[in-house]
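Just remember that the numbering used here sits 273 ahead of the position in the sequence shown, which is counted from 1.
We put the CB at the ideal spot given by N, CA and C, even for glycine.
One structure below.
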Amino acid sequence: MTTILKVIVGSRAHGVADSDSDVDYRGVFVLPTREILALGARPKQTAWVEGVPIPEGAEDTARGKVDDTAWEIGHFLNLAVHCNPTILEVFAAPIDLEGFATEDGERLRALFPLVWNPRAVRDAFMGYGLNQRKKFLDNKDGRSAKYAQAYLRTLYQGNVLLREGWLPVDMRPTPIYDTLRRWRERRPDGRPAFAVGAVIDLCEEYRCLVEEAWPVCPQKPDLGRVNDFLLDVRRRYW
274 MTTILKVIVG
284 SRAHGVADSD
294 SDVDYRGVFV
304 LPTREILALG
314 ARPKQTAWVE
324 GVPIPEGAED
334 TARGKVDDTA
344 WEIGHFLNLA
354 VHCNPTILEV
364 FAAPIDLEGF
374 ATEDGERLRA
384 LFPLVWNPRA
394 VRDAFMGYGL
404 NQRKKFLDNK
414 DGRSAKYAQA
424 YLRTLYQGNV
434 LLREGWLPVD
444 MRPTPIYDTL
454 RRWRERRPDG
464 RPAFAVGAVI
474 DLCEEYRCLV
484 EEAWPVCPQK
494 PDLGRVNDFL
504 LDVRRRYW
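Next comes the structure, spelled out in structure tokens:
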């Protein structure tokens with residue numbers, strides 16, 4: 274197994290972390306082609322490690338656990354062409370702390386304009402947003418603020434991608450940043466510093482923007498070139 278890309282995602286990439294926030298990594302690895310084609314092969318599609326030590330140099334800013342998840346390149350690209358928001362962030366997320374990109378990792382990231390299409394972005398980002406909305410309303414694990422932030426951020430990202438052709442990851446320069454930070458705060462009595470209705474109303478505005486944007490978005494993927502890249506990797510990683 275050869276890791277070709279590792280990026281930092283989550284609250285630290287989005288610019289809304291505090292000292293207790295987890296450190297979340299996402300990566301891409303390549304299995305030898307002979308293992309994939311072998312008789313009876315059941316190749317690993319994902320690798321996940323949780324709770325590994327905080328990377329060296331991060332001790333002063335990171336006290337949360339580490340979540341390190343990676344996908345085999347074929348599985349990763351299949352998820353990418355279906356516009357899974359978590360996967361698409363890997364193309365644009367920062368390489369920080371112990372993250373890195375090999376030459377093939379950089380080539381993979383350069384495929385971003387070729388993998389996504391407007392309808393799939395609309396379906397995947399709105400679907401992900403609705404999933405976060407449910408967790409928010411259910412106050413899953415007592416972390417309603419986390420899911421409120423994810424609900425808004427995902428719809429904002431989908432809207433920018435459809436209208437401007439790029440995926441924002443760092444929320445600090447965006448018009449929703451102050452709102453995301455405010456939703457993370459708590460009142461003196463311990464309650465979240467937001468009204469449920471205000472969260473729903475703002476996210477609904479961005480959902481409508483996504484609905485308006487996708488039918489007129491001119492983006493067209495090039496899956497032939499994506500497949501050519503994958504086959505080239507398979508040949509070289511025999």
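Straight through space, the alpha carbons of Glu-485 and Gly-300 are spaced by roughly 33 Å. When secondary structure is reduced to three states using DSSP, Val-499 falls in the helix class. Listed as beta-bridge partners of Gly-283 by DSSP are no residues whatsoever. Assignment of Arg-299 by DSSP, reduced to helix, strand and coil, places it in the strand class. Membership of Ala-343 in the beta strand (DSSP E) is indicated by the continuous run 339-345. Scanning its chain for C-beta atoms nearer than 6 Å, with the 5 sequence neighbours on each side dropped, one finds around Ala-423 the residues Gln-405, in chain order.
Within the DSSP bridge table, the entry for Val-322 names Asp-341 as partners. Counting along the chain, Ala-486 sits inside the alpha helix (DSSP H) bounded by residues 469-486. Assigned with DSSP and collapsed to three states, Pro-441 falls in coil, not helix or strand.
For Asp-295 against Asp-341, the beta-carbon gap comes to about 11 Å, at or over 8 Å, which does not count as contact. Under a 10 Å Cβ-count criterion, Trp-321 is classified as exposed, with fewer than 16 other Cβ atoms of the shown protein chains found around its own Cβ. In this structure, the alpha-carbon of Arg-436 lies about 36 Å from that of Lys-338.
Non-local C-beta neighbours of Ala-290 in its own chain, meaning closer than 6 Å and more than five positions away in sequence, comprise Ser-284, ordered along the chain. The beta-carbon distance between Phe-349 and Ala-365, rounded to whole angstroms, is 14 Å. This is too long to meet the 8 Å contact definition. Judged by their CB atoms, Val-388 and Val-469 are not nearer to each other than the 7 Å cut-off. For Pro-448, the three-state secondary structure derived from DSSP is coil. Counted as a single uninterrupted DSSP element, the stretch harbouring Tyr-510 is not any alpha helix (DSSP H), since DSSP gives it neither H nor E. In the three-state scheme derived from DSSP, where H, G and I count as helix and E and B as strand, Pro-386 is classed as helix. Between Glu-362 and Val-442, the CB-CB gap stays under 7 Å.
Contact between the segment 407-426 and the segment 470-478 is present, with at least three C-beta pairs closer than 8 Å. Residue pairing for Phe-373: DSSP places it in a beta bridge opposite Lys-279. Considering only Cys-356, Gly-347, Pro-316, the residue with the shortest C-alpha distance to Asp-501 is Gly-347. Shortest Cα-Cα distance from Asn-357 to any of Asn-390, Glu-376, Leu-381, Ile-449 involves Asn-390. Here Ile-309 has Pro-316 as same chain residues with Cβ atoms under 7 Å from its own Cβ, once five neighbours each way along the sequence are excluded.
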